[in-house]
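S.K.: In terms of our numbering, the sequence shown opens at residue 10 and continues consecutively.
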Amino acid sequence: MRATNPGFVPDSPFQRRLTPEWLEFFETFPKAELHCHLLGTIRKETFEDLVRESNAPVTQAEIDEFFTRGEKPVGVLRIFRALEAHILTKPAMLKRITLEHLEAAASHGVRYIELFWNWTGLKHAMSYEAAQSAIVEGLREGEGRYGIVGRLVPAVDREALPEDAVELVEAMCAHREPEVIGLGIDYRETNHEPENFWKAFFMAKQAGFHITLHAGEFGEHWRNVETSMDLLGAERIDHGYTITDNPELMRRACDRGMTFAVVPTNSYYLRTFTDDEWAERHPIRAMKAAGLKLFPNSDDPTMHHVNIAESWRIMFEYLGFSLADLREMLEASIESAWVSDEEKARWRELWLPEFDALAAKLPALD
Ligand SMILES: [Zn+2]
10 MRATNPGFVP DSPFQRRLTP EWLEFFETFP KAELHCHLLG TIRKETFEDL VRESNAPVTQ
70 AEIDEFFTRG EKPVGVLRIF RALEAHILTK PAMLKRITLE HLEAAASHGV RYIELFWNWT
130 GLKHAMSYEA AQSAIVEGLR EGEGRYGIVG RLVPAVDREA LPEDAVELVE AMCAHREPEV
190 IGLGIDYRET NHEPENFWKA FFMAKQAGFH ITLHAGEFGE HWRNVETSMD LLGAERIDHG
250 YTITDNPELM RRACDRGMTF AVVPTNSYYL RTFTDDEWAE RHPIRAMKAA GLKLFPNSDD
310 PTMHHVNIAE SWRIMFEYLG FSLADLREML EASIESAWVS DEEKARWREL WLPEFDALAA
370 KLPALD
């Protein structure tokens, strides 16, 4: 029985049974979301509108399939490629998606969000400057309307050439906006090693942008995490699961206070573990046991059929995290946000007591 969760998490003997007060708690406490891809936030109705508006060669059956998350989910990258190739033809579309997600995220308690977006696959349709302005406009309007602060992190498309990544960083520098604060990297990690993009990361760092990388996802080697940390200047790692194959690297990551923006609904582990294994053997458990700083994120919420409140809930409901652990993760997410120290101090003063007050009202669980 998939009692309370949407259809993405398997039945598990490790599931805790939550009361409605607990479900409400996860929706309500203040959160920072630091690992979320703009294209992974599109609502299905919006997707349909955009296909119509751009007259894209995408059928309703394909859209239905894109938004169906199966028992053994496949990744979402093919959907992003369809969006880039045929559907996202106007900058205003990016503004719409941004605004809609800020509204959704705010409704799940998010106060601050950093959104990844890729320009490389879109450059046949729009300039960097036009695309970025549209998203930034969305962030500004969203803050006014929904009270949520949004920042933008352009990401390297690692399936494209290193020279495309350099071009991206040059565009970031040429069209600098205060909301644009760092550089990430995403798309298929397999056979697309992070060191190929050293020049783009070096240039971004030199220009004062923050750095994060997707690494150690899809079961790829821990050396991609090490390269990101030691060569490319990562301040955070997105995913990072295969670091658990290297205890010495985990120790070094702990010593450096490296944080990991993990995704409990990551499709690779849902696909490769059996239902019985998933909650018990998920590497997030080993990361925590090793003392790594981490916090949950939604990644591609509409396509993973998960919202950020549910991402937090899964950590508690399935992956063995306690209420005290949740509080620690909230602190880690604040610490990892790319905002000023004053802002972080303010959030700690406001958010942690809010979390504590809500937690104090929770009924005991069986
Ligand atoms: Zn991601």
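Even for Gly, the Cβ is constructed at its ideal location relative to N, Cα and C.
Spell out the partners DSSP gives T221 in its beta bridges.
M.R.: R245
S.K.: Please report how far the alpha carbon of G249 lies from the alpha carbon of E326, in whole angstroms.
M.R.: 22 Å
S.K.: Bridge partners of G159, per DSSP?
M.R.: I122
S.K.: Measuring from the CB of H46, is there a heavy atom of ligand 1 at a distance below 7 Å?
M.R.: Yes, the beta carbon of H46 sits closer than 7 Å to at least one heavy atom of ligand 1.
S.K.: Does the Cβ of D166 lie closer than 7 Å to at least one heavy atom of ligand 1?
M.R.: no
S.K.: Grouping DSSP H, G and I as helix and E and B as strand, with all else coil, what is R94?
M.R.: Looking at the sequence shown, residue 94 is not Arg but Ala. DSSP places A94 in helix when its eight states are reduced to three.
S.K.: Assuming F218 contacts G191 (C-beta within less than 8 Å), just tell me the rounded distance between them.
M.R.: 5 Å
S.K.: Would you say H110 touches ligand 1, meaning its beta carbon is less than 7 Å from a heavy atom?
M.R.: no
S.K.: Please determine if the segment 55 to 63 and the segment 249 to 261 are in contact, where contact requires at least 3 C-beta pairs separated by less than 8 Å.
M.R.: no
S.K.: Kindly examine ligand 1 and report whether one of its heavy atoms sits closer than 7 Å to the Cβ of H117.
M.R.: no
S.K.: Could you tell me which residues DSSP puts in a beta bridge with C45?
M.R.: Per DSSP, L124, D308.
S.K.: Quick one: using the 10 Å Cβ neighbour count with 16 as the cut-off for buried, is K40 buried or exposed?
M.R.: buried
S.K.: When you measure from the CB of H223 to every non-hydrogen atom of ligand 1, does any distance come out below 7 Å?
M.R.: yes
S.K.: Helix, strand or coil for A139 per DSSP?
M.R.: Here A139 sits in helix by DSSP.
S.K.: Residues in the same chain with beta-carbon distance under 8 Å from L103, minus the five sequence neighbours each way, listed in chain order, please.
M.R.: L47, L97, W126, A140, A143, I144, G147
S.K.: Could you tell me if L359 is buried or exposed, where buried requires 16 or more neighbouring beta carbons within 10 angstroms of its beta carbon?
M.R.: exposed
S.K.: Does the structure place the segment 309 to 324 close enough to the segment 74 to 83 that three or more beta carbon pairs sit under 8 Å?
M.R.: Output reads yes: the segment 309 to 324 touches the segment 74 to 83.
S.K.: Tell me which same chain residues have a C-beta within less than 8 Å of the C-beta of T236, skipping the five on either side of it?
M.R.: E202, P203, E204, A224
S.K.: Whole angstroms are fine: how far does the CA of T28 sit from the CA of A169?
M.R.: 47 Å
S.K.: Go to F56, then tell me how far its alpha helix (DSSP H) extends in each direction, as first and last residue.
M.R.: Segment 53 to 63, the alpha helix (DSSP H) holding F56.
S.K.: Using only CA atoms, which one of G300, A369, I106 lies nearest to M338?
M.R.: If we check each option's Cα against that of M338, G300 comes out closest.
S.K.: Report back the beta-carbon spacing between D308 and G49 to the nearest angstrom; my notes put them in contact at under 8 Å.
M.R.: 6 Å
S.K.: Give me the Cα-Cα distance between R160 and F227, rounded to the nearest whole angstrom.
M.R.: 27 Å
S.K.: Quick one: what does DSSP say F206 is sitting in, helix, strand or coil?
M.R.: helix
S.K.: Output the distance between the C-alpha atoms of E30 and L374, rounded to the nearest integer angstrom.
M.R.: So the alpha carbons of these two residues sit roughly 11 Å apart.
S.K.: Between G151 and T107, is the Cβ-Cβ spacing less than 8 Å?
M.R.: With a cutoff of 8 Å on beta-carbon distance, G151 and T107 are scored as near each other.
S.K.: Is D195 close to ligand 1? I mean its beta-carbon at under 7 Å from any heavy atom of the ligand.
M.R.: yes
S.K.: How big is the Cα-Cα spacing for D350 and A341?
M.R.: 13 Å
S.K.: Measuring alpha carbon to alpha carbon, tell me which residue in F330, A288, E363, W128 is nearest P19.
M.R.: A288
S.K.: Going straight from the alpha carbon of P292 to that of Q24, what length do you get?
M.R.: 17 Å
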